[in-house]
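The opening residue of the sequence shown carries number 54 in our numbering; numbering runs sequentially from there.
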Amino acid sequence: MPNRQLSTDELALANKLLDEVRSELNRLAGGDTDLLFAFRRKIAKELTYDERDKPGPRRALKARMRALQNNICPLCKGELPESYCVLDRFNAPDGYVEANVRLICEPCDRRVQKERRFK
Ligand SMILES: [Zn+2]
54 MPNRQLSTDE LALANKLLDE VRSELNRLAG GDTDLLFAFR RKIAKELTYD
104 ERDKPGPRRA LKARMRALQN NICPLCKGEL PESYCVLDRF NAPDGYVEAN
154 VRLICEPCDR RVQKERRFK
């Protein structure tokens with residue numbers, strides 16, 4: 054399923070909010086570039102967690118999916134490698150929950166991502 058895109062008006066709202074956040078970060082940092090970096094990094098990390106969940110729960114979900122799938126990539130039917138496996142969401146906004154993901158190998162993930170970009 055393709056991810057929802059913002060309308061022109063929604064995009065303008067998002068950009069306005071981004072400008073406000075940047076302005077506030079600059080105000081809070083008061084010209085201290087190291088502090089600005091730390092504030093920006095903290096906000097970016099937390100927003101990424103809002104979208105992708107924290108590393109601990111994602112690792113646990115990967116382990117559960119690996120067991121449920123008997124260590125097999127559901128796309129190429131090959132054995133999943135020890136690392137560089139990807140939790141692929143069927144519908145991204147539904148998040149990283151068991152019913153919405155499959156654990157796939159990296160080559161399959163690259164193929165799936167490429168196919169999605171062309172839809
Ligand atoms: Zn695969």
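Cβ atoms here follow ideal geometry from the backbone N, Cα and C, with glycine treated the same way.
Just so we're clear, the structure is a prediction, and the values are computed from it rather than from any experiment.
Please state the DSSP three-state secondary structure of residue i.
i: Leu156; result: strand
i: Val165; result: helix
i: Pro55; result: coil
According to DSSP, which residues form a beta bridge with residue i?
i: Ile125; result: Glu132
Roughly how many angstroms lie between the CA atoms of residue i and residue j, to the nearest whole one?
i: Arg142; j: Glu135; result: 20 Å
i: Leu89; j: Leu100; result: 16 Å
i: Arg169; j: Pro55; result: 7 Å
i: Leu140; j: Gln58; result: 22 Å
i: Arg94; j: Asp87; result: 11 Å
i: Cys63; j: Leu71; result: A quick correction: the sequence has Glu, not Cys, at residue 63. The alpha-carbon atoms of Glu63 and Leu71 are separated by roughly 12 Å.
i: Gly84; j: Arg119; result: 47 Å
i: Ala145; j: Arg111; result: 14 Å
i: Arg105; j: Asn153; result: 13 Å
To which residues of the same chain is residue i closer than 7 Å at the C-beta, ignoring the five residues directly before and after it?
i: Cys161; result: Cys126, Leu128 and Cys129
i: Cys158; result: Cys126, Cys129, Gly131, Leu133, Pro134 and Cys138
i: Ala82; result: Leu88, Leu89 and Phe92
Within its chain, find whatever has a CB closer than 8 Å to the CB of residue i; leave out the 5 residues flanking it on each side and keep chain order.
i: Val74; result: Ile96
i: Leu78; result: Leu89, Phe92, Arg93 and Ile96
Grab me the residues of residue i's own chain with a C-beta within less than 6 Å of its C-beta, minus the 5 sequence neighbours each way, in chain order.
i: Leu9; result: As shown, the chain starts at 54 and ends at 172. That puts residue 9 outside it, with no answer to give.
Entirely enclosed alpha helix (DSSP H) segments - the stretch 58 to 141, minimum 4 residues: 61 to 82, 86 to 105 and 108 to 121
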